[in-house]
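0 is the number of the first residue of the sequence shown in numbering that gives the first Met the number 0; add one for each residue after it.
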Amino acid sequence: MVTAGQNIRLTRVGPGTPAGELFRRYWQPAVLSEEVPEKDCPPVRVRLLGEDLLAFRDSDGVVALTDAHCPHRRAPLYFGRNEERGIRCAYHGWKFNRDGDCVDMPTEPGNDRMKATVKITAYPTVELGGIVWAYMGPPDKKPPPPDYEWLRVPREFIHVSKTYEECNYLQALEGGLDTAHSSYAHNNNMGAKAEPRLLDKSPRLDVNPTDYGYNYVSTRSMGGGDAYIRLYHYVMPFQQMRGGIHEFSGERRKAPALDGHVWAPIDDETTFVYNWHHTYDATTPIDEAHRVKTEVFYGRGPDDMIPGTYKLKKNKANDYMIDRDLQKTKIFTGIVGINTQDFALQEGMGPIVDRSKEHLGSTDRAIIAMRSMLLKAIDAVEAGGAPPGVEPSTHNNIRPYDGFVRAGEDWRAKFDPETKAKW
Ligand code: FES
Ligand SMILES: [Fe+2]
Numbered sequence: 000m001v002t003a004g005q006n007i008r009l010t011r012v013g014p015g016t017p018a019g020e021l022f023r024r025y026w027q028p029a030v031l032s033e034e035v036p037e038k039d040c041p042p043v044r045v046r047l048l049g050e051d052l053l054a055f056r057d058s059d060g061v062v063a064l065t066d067a068h069c070p071h072r073r074a075p076l077y078f079g080r081n082e083e084r085g086i087r088c089a090y091h092g093w094k095f096n097r098d099g100d101c102v103d104m105p106t107e108p109g110n111d112r113m114k115a116t117v118k119i120t121a122y123p124t125v126e127l128g129g130i131v132w133a134y135m136g137p138p139d140k141k142p143p144p145p146d147y148e149w150l151r152v153p154r155e156f157i158h159v160s161k162t163y164e165e166c167n168y169l170q171a172l173e174g175g176l177d178t179a180h181s182s183y184a185h186n187n188n189m190g191a192k193a194e195p196r197l198l199d200k201s202p203r204l205d206v207n208p209t210d211y212g213y214n215y216v217s218t219r220s221m222g223g224g225d226a227y228i229r230l231y232h233y234v235m236p237f238q239q240m241r242g243g244i245h246e247f248s249g250e251r252r253k254a255p256a257l258d259g260h261v262w263a264p265i266d267d268e269t270t271f272v273y274n275w276h277h278t279y280d281a282t283t284p285i286d287e288a289h290r291v292k293t294e295v296f297y298g299r300g301p302d303d304m305i306p307g308t309y310k311l312k313k314n315k316a317n318d319y320m321i322d323r324d325l326q327k328t329k330i331f332t333g334i335v336g337i338n339t340q341d342f343a344l345q346e347g348m349g350p351i352v353d354r355s356k357e358h359l360g361s362t363d364r365a366i367i368a369m370r371s372m373l374l375k376a377i378d379a380v381e382a383g384g385a386p387p388g389v390e391p392s393t394h395n396n397i398r399p400y401d402g403f404v405r406a407g408e409d410w411r412a413k414f415d416p417e418t419k420a421k422w
């Protein structure tokens, strides 16, 4: 059970907070590469772990992530010019490079000493999997860049996107680790004969701690001793990897795929969900139609977004456009869009849910394990120790899977070759 005090420790992400300091020891998604598409393109505002920042791709093609404000008189660098390896403040022309050094101070000609002492915060970045990752922790503790399998997938075989979610990262992450809700929240065809794999509405959960977090196995009974098994990964601190349903009723899908999310906290009360989806192997590239289809399936298609943003048109302000007739006849939630359904339930808990009022059951086992893992890691970092899962060797060879096992079949033997990285 999480006390009110533990809830605060888990959910506050700003500088100097216990979870915020833990998260700063990992590389985190800051922006999609598509947001800063070319050298010297317009800068973008970034808010990450409660800090206001600016991202711009400089003349070398490297993405800088700096303080949002100019250190002269705090004007927003967002209005600055991204030119010749630096951002030049639009107010009085001071200019900063991607390392945060002041490289020109036209209002103080000849004052090289002042120029040398003025710096802005600048975080190192690395671009992997179509995402710009930032390290915001102590420089001497910087781990090598992350090496999840999906970050090694060539661009033609992976699709990434992001969606803005209006609640604390933890309740969003909990939704991603909660395998039991799909039988209700995502039941989008109530009239149809249920897919046999979803008939068992109380899956058994086994959580197996690992160096990167844990894997967990949900087992749904399909009668006669057969079972539908999903092996997910929870990767510290806020990532989920899941099999994209590899088999339907015992038949292997023609083009299986893998999916997952990273829930990067914008601040205590808002989150960017980074979504990834890649093919099982190099057989079939992902074309534009496949990208759009994937987004539409989850309710994040081009028509679902407020133009020019990563925000959904169906949102809290309009009750996610719930249709009560549809709820009676077809879609259990009355809300169209799988991720939209998740958002309605997660955002509706309030910006930061009061976990001391919950009543957790057996299907919440994975969530309980994740919280205690995070609390333990927070304690470890506070005590001067190292957080788990930052070393690439802990996570570079894992992949999720889901499939059927017949009565008496050993699922571990069946899953073993499938749950090793192939890229
Ligand atoms: S406020 Fe930026 S140069 Fe003066
Ligand atoms: Fe969901």
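Just so it is clear, CB atoms sit at the ideal spot from N, CA and C, and this is done for glycine as well. If you're wondering where the values come from, they're calculated on a predicted model, not measured in any experiment.
May I have the straight-line CA-CA distance separating N188 from L127, to the nearest angstrom? Computed Cα separation, rounded: 37 Å.
Please tell me whether, using a cut-off of 7 Å, the distance from the CB of R72 to the nearest non-hydrogen atom of ligand 1 is below it. True, at least one ligand heavy atom lies under 7 Å from that Cβ.
Do I337 and ligand 2 come close, with the Cβ less than 7 Å from some heavy atom? Distances from the CB of I337 to the heavy atoms of ligand 2 include at least one below 7 Å.
Can you look up D280 in the DSSP assignment and give me helix, strand or coil? It is coil, neither helix nor strand.
In the DSSP output, which residue or residues are listed as bridge partners for Q27? According to DSSP, Q27 bridges with A133.
Is there contact between the segment 68 to 83 and the segment 284 to 303, where contact requires at least three CB pairs shorter than 8 Å? At 8 Å Cβ cutoff, the stretches do not touch.
Nearest to M0 by CA position, among P208, I397, F331, R354, is which residue? It is R354 whose Cα lies nearest to the Cα of M0.
Could you tell me the boundaries of the alpha helix (DSSP H) in which D401 lies? Annotation: D401 is outside any alpha helix (DSSP H); the continuous beta strand (DSSP E) that includes it extends over 400 to 404.
In three-state terms, what does DSSP make of E126? Three-state result, E126: strand.
Mind checking whether the beta-carbon of G484 lies closer than 7 Å to any heavy atom of ligand 1? Residue 484 falls outside the range modelled here, since the chain spans only 0 to 422, and no answer is possible.
Residue from V12, L52, W26, D59 with nearest C-alpha to C430: Nothing can be reported for residue 430, as the shown portion of the chain is limited to 0 through 422.
Give the single residue among C166, K140, T269, I7 whose Cα lies nearest to the Cα of G384. Restricting attention to C166, K140, T269, I7, the CA atom closest to the CA of G384 is found in K140.
Shortest alpha-carbon distance to P208 belongs to which of A368, K312, V43? The residue among A368, K312, V43 with its C-alpha nearest the C-alpha of P208 is A368.
Express the C-alpha separation of D363 and F22 in angstroms, rounding to a whole number. Approximately 23 Å, taken between the alpha carbons.
Between the alpha carbons of G129 and F237, how many angstroms are there, rounded? Their Cα atoms are separated by approximately 18 Å.
When you measure from the CB of H185 to every non-hydrogen atom of ligand 2, does any distance come out below 7 Å? Correct: H185 has its Cβ closer than 7 Å to ligand 2.
What are the boundary residues of the alpha helix (DSSP H) that N207 is part of? Note, N207: premise wrong, no alpha helix (DSSP H); beta strand (DSSP E) at 203 to 208.
DSSP on S58, reduced to helix/strand/coil? Residue state for S58 is assigned as coil, using DSSP reduced to three classes.
Between V12 and P264, how many whole angstroms is the CB-CB distance? I'm expecting something under 8 Å. Going by Cβ atoms, the distance from V12 to P264 rounds to 4 Å, so yes, they are a contact pair.
Looking at the unbroken beta strand (DSSP E) that takes in Y309, where does it start and where does it end? DSSP places Y309 outside any beta strand (DSSP E), giving it a letter other than H or E.
Which residue or residues does DSSP assign as beta-bridge partners of L374? Beta-bridge analysis with DSSP links L374 to no other residue.
Since G259 is in the beta strand (DSSP E), which residue starts that stretch and which ends it? Its beta strand (DSSP E) spans residues 256 to 266.
Cβ-based neighbour list, T393, same chain, cut-off 8 Å, excluding 5 preceding and 5 following: Shown here for T393: same chain residues with a beta carbon closer than 8 Å to its own, the five before and five after excluded, namely T209, D210, Y211, P387 in chain order.
Within 10 Å of its beta-carbon, does G136 have 16 or more other beta-carbons around it, so buried, or fewer, so exposed? Its Cβ being crowded by 16 or more others within 10 Å, G136 is buried.
Of the listed residues D401, P144, K161, nearest to H232 (C-alpha basis): Nearest C-alpha to H232: D401.
Beta-carbon proximity list for P306, same chain, < 8 Å, skipping 5 on both sides: Once the five neighbours on either side are set aside, P306 has no close Cβ partner at all.
Round the Cβ separation of K313 and D303 to the nearest angstrom and send it over; I've been treating them as touching at under 8 Å. About 7 Å separates the two Cβ atoms, so the contact holds.
Taking only heavy atoms of ligand 2 into account, decide whether any of them is closer than 7 Å to the Cβ of H180. H180: yes, Cβ under 7 Å from ligand 2.
Is V30 near V45, with beta carbons less than 8 Å apart? Yes.
Any idea if T116 is buried or exposed, counting beta-carbon neighbours within 10 angstroms, 16 or more meaning buried? Flag for T116 reads exposed.
Report yes if the C-beta distance between V272 and T162 is below 8 Å; otherwise report no. Judged by beta-carbon spacing, T162 lies within the 8 Å limit of V272, meaning their Cβ atoms are closer than that value.
Which residues in the same chain as P143 place their Cβ atom closer than 8 Å to its Cβ, once the five residues preceding and following it in sequence are excluded? If the five residues before and after P143 are omitted, its C-beta is found closer than 8 Å to the C-beta atoms of E390, P391, all from its own chain and listed in chain order.
Whole-angstrom distance between R72 and S181, CA atom to CA atom: Straight-line measurement puts the Cα of R72 at about 51 Å from the Cα of S181.
Tell me the residue span of the alpha helix (DSSP H) that contains T293. Per DSSP, T293 is one residue of the alpha helix (DSSP H) stretching across 287 to 296.
Does DSSP put P143 in a helix, in a strand, or in coil? In this structure, DSSP gives P143 a state outside helix and strand, which the three-state scheme calls coil.
Starting from L344 and walking both ways along the alpha helix (DSSP H), at which residues does that stretch end? Note, L344: alpha helix (DSSP H), 337 to 346.
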